[in-house]
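Notes for the one structure printed next.
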Amino acid sequence: MADLKAFAEQLVSLTVKEVNELAKILKDEYGIEPAAAAVAIATGPAGGGAAAAEEKTAFDVILKNGGANKLNVVKVVKELTGLGLKEAKDLVDGAPKPVKEGISKADADALVAKLKEAGAEVEVK
């Protein structure tokens, strides 16, 4: 038990750089994706919480307004969400509403680009 306590104290006292190196080793050598654990360790009590801000990993794409060309926006929403035509139209007409929730930054950026191209007003939270 004493070994585990010492190990835990070593983890908590890691610098941000050391946590990133540990995350890389865990991923490359063991196939473990430690993103959430690394952030938790980096922002722990001895990790300097103010210095290591937690990075957001899940984003919500919110349709604020269907824009002037709602038909194109409805088509894009239907394509991106897999909703039926009526459901997509209801989502656009009921804006502001979330189009997708809890997605990656890259996916959110791609969605926003497609929706803006169709004429919608979009926000990422």
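Here the sequence shown stands for residues 0 to 124, numbered as in numbering that gives the first Met the number 0.
Every residue, glycine too, gets a C-beta built ideally from N, C-alpha and C.
Counting along the chain, Glu32 sits inside no beta strand (DSSP E), nor does DSSP assign it H or E at all. In chain order, Gly118 place their CB closer than 6 angstroms to the CB of Asn68, counting only its own chain and leaving out the 5 sequence neighbours on each side.
Residue environment for Gly65: buried (at least 16 other C-beta atoms within 10 angstroms of its C-beta). Of the candidates Ile24, Ala22 and Val60, Val60 places its Cα closest to the Cα of Leu114. Going by DSSP, Leu62 is part of the beta strand (DSSP E) stretching over Phe58 to Asn64.
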